[in-house]
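Counting from 0, one number per residue, gives the positions in the sequence shown under numbering that gives the first Met the number 0.
Where is the CB? At the ideal position from N, CA and C, for every residue including glycine.
A quick write-up on the structure given underneath.
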Amino acid sequence: MAPGLRQSLTEHRPLLERHRELRALDSALSELRESVEGVPRTPSGELLVFAGPAGMGKTTLVTAARVRAISRGCTVLSAKGSENEQGMAFRVVRQLLQPALAAMDEAELRAFLGSWYDIVAVALGLEAKDTAHVPDPTGVRDGLDWVMTRLAVKKKPVVLLLDDLHWADAESLGWLASFAPRAADVPLLIVAAYRPDDMPPEAEAIRTVFERHGNRPHSLVPLSADGVARIIRDAVGEQAEDEFSEECWTVTNGNPFETVELAFRLAERQVRGMRHELPVMRDLAAAVKGPGLLNRLKRLGTSTVRYAWAAAVLGGSFSPELAADLAVIGNEEAAEATERLRAARILADSQGPGSGLEFVHPLIATTIYRAIPSGLRVGLHNAAAEAVRAAGLGPTAAARHLLEVPCEGRPEAVECLRAAAHEYLRAGAPEAARRALTRALREPPPAEDRAALLHELACSTFLIEPTATVGYLQEALKEPGIEPDLRASIVYRLAQALAHTDRLAEAATVAADEAQQAANPRIRLRMQADHFVWSAFRMDEPDSPARSRKLARLAEKLTGRGLEERYILGLRAWDALVRGEPRRTVLACAEDALRGGMSWTDENRGFEVPVSVALAFMYCDQPRRAEELFIKGMAECEVKGWRGSHMAVGQTLFGYIRYRRGCLAEAEELAREGLRNADRVEGAVPAQWFAIGILIQILLARGRTAAARRLADRYHYGEVVPNAVIYPDPRTVYAELLLAEGRRSEAECILSDVGDRLEARAWRNPSWCPWQLDLASAVAPSAPDRAVRLAQDAVKRARDFGAASVIGQALHVEAEVTGGPAALDLHTQAVEHLEQSPASYELARALVGHGAALSRNSRLQDAADRLYQGLETAVHCGAEAVATRAREELSAAGMRPLPLRYGQTDTLTAHERRAAEMTAQGHPVTVVAKELRLTEQGVRNLLSAAYRKIGTDAAGLAGALKTFPRPQL
């Protein structure tokens, strides 16, 4: 009777009292199939979640989902959390994806994964050729998104089955939380099951996804008395009495797992369901779990118990041979033990690929594992660590067991844990690496390895807890006899961690102290560079001019032979820029710094200096060169899998370059993408500051003041002032927002304070921070004379720097605050300078401002020409506020806007190209005009368009034309 019953109960009988869940499952699968044919799915139709306590039938529903999905021709990928394997990073992801990837040969696999191979290889358990490749967690998650999306498209429709998610590893949960909301755009259905009360704290993100999802989790409830009676009568016969069935419901509390297991036991004992058999039923029910289960296991024999213990220690789906080795029993004994445990419904074949075994239910596994005597359990984990590594399962599988073993000072344990940590870092799992290295430190390691181990531990915590990184590195520096290069790496990482925790003064001091102690000239120069970096990027530097003089003297002696020298030259370029020194000095140092190459992804140097060098070209009116450097640097980050804060800053600042060029729509898109990426990364506060400030400036330029205010309020921008240097300067940006809102007095207070702060540092370049120009605009109504003086001083500083864009911008503000006929010449000069720059947005503002001034002085014909030009330029820039002002000025003067004369394009016309080439060769405007048979003003107009399209001024024209595409004939 029992064998036939077993078959019917597990496979042929319909699930009782789960009609709602099964209808939802059938509906979701039908919609998935139809979506492949182009039929839209209902909102939230990509996710189906079952939640409930242990034994409520979640796994049975997941099994039903598998059967139904396969019957509908779906590809099924499945994974299951394991209580003892939660610490193994990406274990659930590997279960999901490895079977599908294993069907591909090496060439096919590399073609399928493409450029993502080295980023996701270790996370997926594949062999990575580049063992030094350390992607960041965001890069790995993005790569896994891409792999899953590609698989879903290739094998559509796809169903992901995720059981026991409360025991999934944190890394897999993090990926799933980010991927699940995007699954609606993929031919894929996610079916998940979990115990709500057992979800760990790190699962909060995926819990939020589940609970805020349109369908919400289906909460499973116990079976009714009728449901339990049906299961019991199917097992023992229809003659079972009502009182007997009701008592079965009472002792099982309607728990489906316990009810089914009790039904099997009753059938095995040939119980008929009579009242006098109630004591027997209660005894059998007690044997389903807890002490009763353990007593039942003990009766199966000593070798079987040992085998079950070994299986519980190995966890999840395990190898029978490995369990036999761990239990120290022979193959024959292991086979007999397996059959006994199968018959007792304790073990069953695993559903995944291979010939593994697993426990019938997680409750059974947990009960048996916790019953192993503590001393023996430790010994089994110790033996398991050796066995799994000997079996070639890798250091992470062994490390999982070592974490359960007391510290004994074994070098081989330290070696294994360090190897596991290295693998976890390469998988983008720094938290898992930290666990392994923390345990290795407690082992403890040999004295001569302690500093290196602390350095590795610090690197693992840098992205997730930089304050802990500081402590580990300070401890490492106390160790005697540290090798010089290792010491330099420790000091660099310490300074970087201090800087990222807003302790820039300490960062600068650490580097300066090390520079004084270093005996090696190369390391000393490197430490000096680090000192200059962190000094330059702290807002509270006590004597900035003295540091600038020291940096200038040092840079004069350098030729850029080595990377350390190039970093010094790059810092000199940035320092000269913010101080407002002539731009030829800035550009010369920047070019020298780049001559031997400067990587964005050097883990021991950071990307602050390469980014600053690239931006120097933007401020010097050569934004195209800056864009080329950013594209190259961001590509480096993508190849290495650095898609977190590095990519966020890169996208944001690339957007800033486009903003400075006047490409406002594209700039907004880039800044928003940068902010989204920054928001995804834990602790990416500096990246957020960059993105928010730049996005506010863009929104203001586009006339969207209310949107800028909402953004500022959402992130409390303006309430907190960072100690680090952020550009654009956050307080200046916030003052610009206040000005746009008409809150002049508040803006004046902030800008005056900004001016005092920057003057103390001798940072006087209005191209880098236009605080004087903004302050002039703020005080113009109340103190016009002061406004003029501020603007005039800014003009002088702009001329000293020499970039046409900032000279034009400053002249424009001076004209606005001067007013009257005297301002007309200033307006003319502003336009002339901006026409020689790539700054389209500032040119649009100056043209409209000039046109408005001409109109007020009754020069309507000239005004119309300027206003039409300004309107056209503003529309092409996406500067709605400037375009609106131009239309209003035209209307006020009795004129109506004309249709735009030229479509927006970045392609040079043949005449523009020829004018640019001749200018780059050194020919004056008169010669170019004669060659092209144009007026000199016509040539100036051509060159102005060329500067804006190419993204450079005359000085950078020759270099830019080498890579700028030629017009198509």
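Span separating the alpha-carbon of Ile-806 from that of Leu-46: Using only the alpha carbons, I get a separation of about 57 Å.
DSSP state of Ala-761 mapped onto helix, strand, coil: Reduced to three states, the DSSP call for Ala-761 is coil.
Output needed for Pro-609: all residues of its chain with C-beta closer than 8 Å, excluding positions within five of it in sequence on either side, in chain order. Cβ neighbours of Pro-609 beyond the five flanking positions: Gly-569, Met-597, Ser-598, Trp-599, Leu-628 and Gly-632.
Using only the alpha-carbon positions, how far apart do Arg-932 and Thr-925 sit? For Arg-932 and Thr-925, the distance between alpha carbons rounds to 10 Å.
Since Ala-50 is in the beta strand (DSSP E), which residue starts that stretch and which ends it? Here the beta strand (DSSP E) through Ala-50 covers 46-50.
Look at the Cβ atom of Ala-919, then the Cβ atom of Leu-942, and state whether they are nearer than 8 Å. Result no, Cβ atoms of Ala-919 and Leu-942 do not sit closer than 8 Å.
Neighbourhood of Leu-175 by C-beta distance below 7 Å, restricted to the same chain and skipping five residues each side: If the five residues before and after Leu-175 are omitted, its C-beta is found closer than 7 Å to the C-beta atoms of Ile-205, all from its own chain and listed in chain order.
Assigned exposure category for Gly-3 - 16 Cβ within 10 Å defines buried: With a pLDDT of 33 at Gly-3, under the threshold of 50, the modelled position of that residue is not reliable, and no figure is offered here.
Compute the Euclidean distance between the alpha carbons of Leu-277 and Gly-226, then round it to the nearest angstrom. Rounded to whole angstroms, the separation of the alpha carbons of Gly-226 and Leu-277 is 19 Å.
Near Glu-735, which residues of its chain fall below 8 Å by C-beta distance, leaving aside the five closest residues on each side in sequence? Same-chain partners within the cutoff: Ile-695, Gln-696, Leu-699, Ala-746 and Asp-773.
Do you know how far the Cα of His-645 is from the Cα of Ala-589? Straight-line Cα distance between these residues: approximately 21 Å.
Three-state secondary structure assigned by DSSP to Ala-723: In the structure shown, Ala-723 sits in a strand (DSSP, three-state: E or B).
Starting from Tyr-463, trace the alpha helix (DSSP H) in both directions and tell me its first and last residue. The question names Tyr, but residue 463 is Ile in the sequence shown. Where Ile-463 is concerned, there is no enclosing alpha helix (DSSP H), given that its DSSP letter is neither H nor E.
Determine the contact status of Ala-383 and Val-312, defining contact as a CB-CB distance below 8 Å. Yes, the Cβ-Cβ distance between Ala-383 and Val-312 is below 8 Å.
If distances are taken between C-alpha atoms only, which option among Lys-556, Glu-555, Phe-531 and Met-147 comes closest to Ala-545? The residue with the shortest Cα to Cα distance from Ala-545 is Phe-531.
Quick check on DSSP: helix, strand or coil for Lys-57? The DSSP-derived three-state label of Lys-57 is helix.
Where does the unbroken alpha helix (DSSP H) through Thr-303 begin, and where does it stop? Thr-303: member of the alpha helix (DSSP H) spanning 301-313, first to last residue.
Relative to the alpha-carbon of Lys-972, which residue among Gly-86, Pro-780, Arg-763 and Leu-21 has its alpha-carbon at the smallest distance? A query on residue 972 cannot be resolved here, the shown segment of the chain reaching from 0 to 968 and no further.
On the criterion of 16 or more Cβ atoms from any shown chain inside 10 Å, does Val-35 qualify as buried, or is it exposed? Label assigned to Val-35: exposed.
Alpha-carbon spacing of Ala-106 relative to Leu-379, whole angstroms: Going by the C-alpha atoms only, they are around 40 Å apart.
Looking at the secondary structure, which residues open and close the alpha helix (DSSP H) in which Ser-77 lies? Here Ser-77 belongs to no alpha helix (DSSP H); instead the beta strand (DSSP E) covers 74-79.
So Glu-580 is in the beta strand (DSSP E); what residue range does that whole segment cover? Under the DSSP assignment, Glu-580 falls outside any beta strand (DSSP E); it carries neither an H nor an E label.
Hey, out of Lys-57, Ala-873, Glu-442 and Glu-385, whose CA is closest to Pro-405's CA? Taking only the C-alpha atoms, the option nearest Pro-405 is Glu-442.
Residues of its chain near Ala-398, where Cβ-Cβ distance is below 7 Å and the 5 sequence neighbours each way are ignored: Answer for Ala-398: Cys-415, Leu-416, Ala-419 and Ala-435, listed in chain order.
Opening and closing residue of the beta strand (DSSP E) in which Ile-189 lies: From DSSP, the beta strand (DSSP E) with Ile-189 extends over 187-193.
Just reading off the alpha helix (DSSP H) that Val-924 is part of, what are its end residues? Element bounds for Val-924: 924-931.
CA-to-CA distance, Asp-712 to Arg-703, given in whole angstroms: Using only the alpha carbons, I get a separation of about 15 Å.
Is the Cβ-Cβ distance between Ser-349 and Ile-328 less than 8 Å? Contact check for Ser-349 against Ile-328 fails: the beta carbons are separated by 8 Å or more.
Let's see if you can read the secondary structure: which residues bound the beta strand (DSSP E) around Phe-358? Element bounds for Phe-358: 356-358.
What distance in whole Å lies between the Cβ atoms of Met-917 and Asn-722, which are believed to be in contact at a cut-off of 8 Å? Between Asn-722 and Met-917 the beta-carbon gap is near 50 Å, outside 8 Å, which marks them as no contact.
Distance CB(Asp-529)-CB(Ala-510) smaller than 8 Å: When the beta-carbon positions are compared, Asp-529 and Ala-510 come within less than 8 Å of each other.
Which residues share a DSSP beta bridge with Tyr-716? For Tyr-716, which the question treats as bridged, DSSP gives the partners Val-719.
Beta-carbon separation of Ala-707 and Ser-547 under 8 Å? Ala-707 is not a Cβ neighbour of Ser-547, given a cutoff of 8 Å.
Arg-552 to Gln-85 span [Cα, whole Å]: The alpha-carbon atoms of Arg-552 and Gln-85 are separated by roughly 56 Å.
Please classify Gln-6 as buried or exposed, where buried requires at least 16 other C-beta atoms within 10 Å of its C-beta. Low local confidence applies: a pLDDT of 30 at Gln-6 is under 50, so the model's placement there is unreliable, and no value is given.
Which value, in whole angstroms, describes the spacing of the CA atoms of Ser-692 and Val-684? A quick correction: the sequence has Gly, not Ser, at residue 692. Cα-Cα distance, rounded: 12 Å.
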